[in-house]
Amino acid sequence: MNLSELWERHARSLKLRRRSEYTLTYYRATARSLCRFLTEVEHPMQAEGVTVGDLRGYLEHLQEKGLAEGGIDAHYRALKGLFGWAVAEELLDRDPTRRLERPQKPQRMMVTLSPDECRRLLDVARKSPSKGRDTAMVVTLFDTGLRLAELAGLTLTDVRFTEGHLLVVGKGNKERVVPLGMRSTETLERYIRRHRQPRHISVQGVFLGRTGLPLTRSGVSQVLADLAKQAAIPRAHAAPHAFRRAFAVNYLRNGGDVFSLQHVMGHTNLDMTRRYVQLLPEDLQQVHGRVSPADRLMANQRVSR
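In our numbering, the protein residues as written are 325 to 629.
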């Protein structure tokens with residue numbers, strides 16, 4: 325079986341499992357990219373002939389092209405998913421990714437959006453031609469920590485004004501309830517009732533572009549990038565995932581616990597949620613100052629020198 329046929333079968337399986345179009349797109353992009361690479365190195369296109377050495381060479385090729393670490397990791401995960409599925413379905417006898425090492429990503433402090441930067445974004449949003457939409461978008465992201473795909477995929481039936489929450493379909497088609505603050509609810513409701521102008525009544529998306537159709541993920545990102553430029557803040561600080569980190573940080577800073585945060589953010593395990601604690605170095609220092617075991621132990625003792 326050649327790689328193209330293997331991918332087509334995998335795509336049908338993903339659709340049956342109701343995986344998102346985004347997931348299909350990135351699997352498709354990886355399969356096509358791998359096929360191009362194997363053609364360049366004059367490797368047969370049969371899936372059975374792909375070795376772990378071929379895949380290592382492919383990942384090294386992506387590195388040499390200058391692809392970002394996150395992009396290389398996405399290709400790695402797509403390869404694992406494709407070949408792992410093929411073996412489980414008994415389409416292949418062996419999985420060439422079984423011994424494929426995951427590319428190491430350097431541990432960097434994550435970029436986030438500060439409350440002051442968010443205020444500046446709001447100031448700009450309130451003066452934009454699409455002020456109702458832009459203000460509601462910024463407030464919703466900062467108050468909920470939604471992923472980009474989740475925000476772009478919001479429909480009118482997902483917004484529950486009376487209950488004060490959103491019904492969100494996240495990764496793996498998993499549904500969860502995400503609370504909205506009172507001000508956020510008011511801002512979103514005002515946008516929907518006064519400013520939202522769909523092209524026709526059947527359009528159900530919440531955040532619409534100038535055409536009256538739902539904004540795509542790239543459309544949402546561009547709106548935020550434009551606001552960031554006008555607010556004179558780094559574009560990376562206004563990226564959708566920077567809002568997600570900002571929500572997590574401020575949720576914890578304002579007294580929320582990691583268990584509740586895990587549910588709100590749609591994380592499948594607590595380790596994913598704990599990553600956001602590293603964004604609170606100053607807060608952790610203050611907490612340690614209050615609860616330091618050694619300080620308490622020696623509070624009434626003289627430290628020997």
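Even for Gly, the Cβ is constructed at its ideal location relative to N, Cα and C.
- Residue pairing by DSSP places Gln370 opposite Asn326 in a beta bridge.
- DSSP lists Val492 as the beta-bridge partner residues of Arg500.
- Around the C-beta of Ile525, fewer than 16 other C-beta atoms lie within 10 Å, and the residue is accordingly described as exposed.
- In this structure His489 touches Pro503 by the C-beta definition: roughly 5 Å separates them, less than 8 Å.
- A straight-line Cα-Cα distance of about 18 Å links Val365 and Pro420.
- His587: member of the alpha helix (DSSP H) spanning 582-589, first to last residue.
- In the structure shown, Leu551 falls within a helical segment according to DSSP collapsed to helix, strand and coil.
- Here Leu551 really is in contact with Val448; their C-beta atoms are around 5 Å apart, less than 8 Å.
- Here DSSP, grouped into helix, strand and coil, assigns Thr349 to helix.
- Judged by beta-carbon spacing, Val462 lies within the 8 Å limit of Leu445, meaning their Cβ atoms are closer than that value.
- Val411 sits in a helix when the DSSP states are folded into three classes.
- Counting every other CB atom within 10 Å of its CB across the protein chains shown gives Asp458 a total of 16 or more, marking it as buried.
- Per DSSP, the beta-bridge partners of Arg484 are His489.
- Per the coordinates, the alpha-carbon of Met434 lies some 21 Å from the alpha-carbon of Arg541.
- Thr479 is bridged by DSSP to Gly529.
- Around the beta carbon of His561, 16 or more other beta carbons sit within 10 angstroms, so the residue counts as buried.
- In this chain, the alpha helix (DSSP H) harbouring Ser508 covers 506-514.
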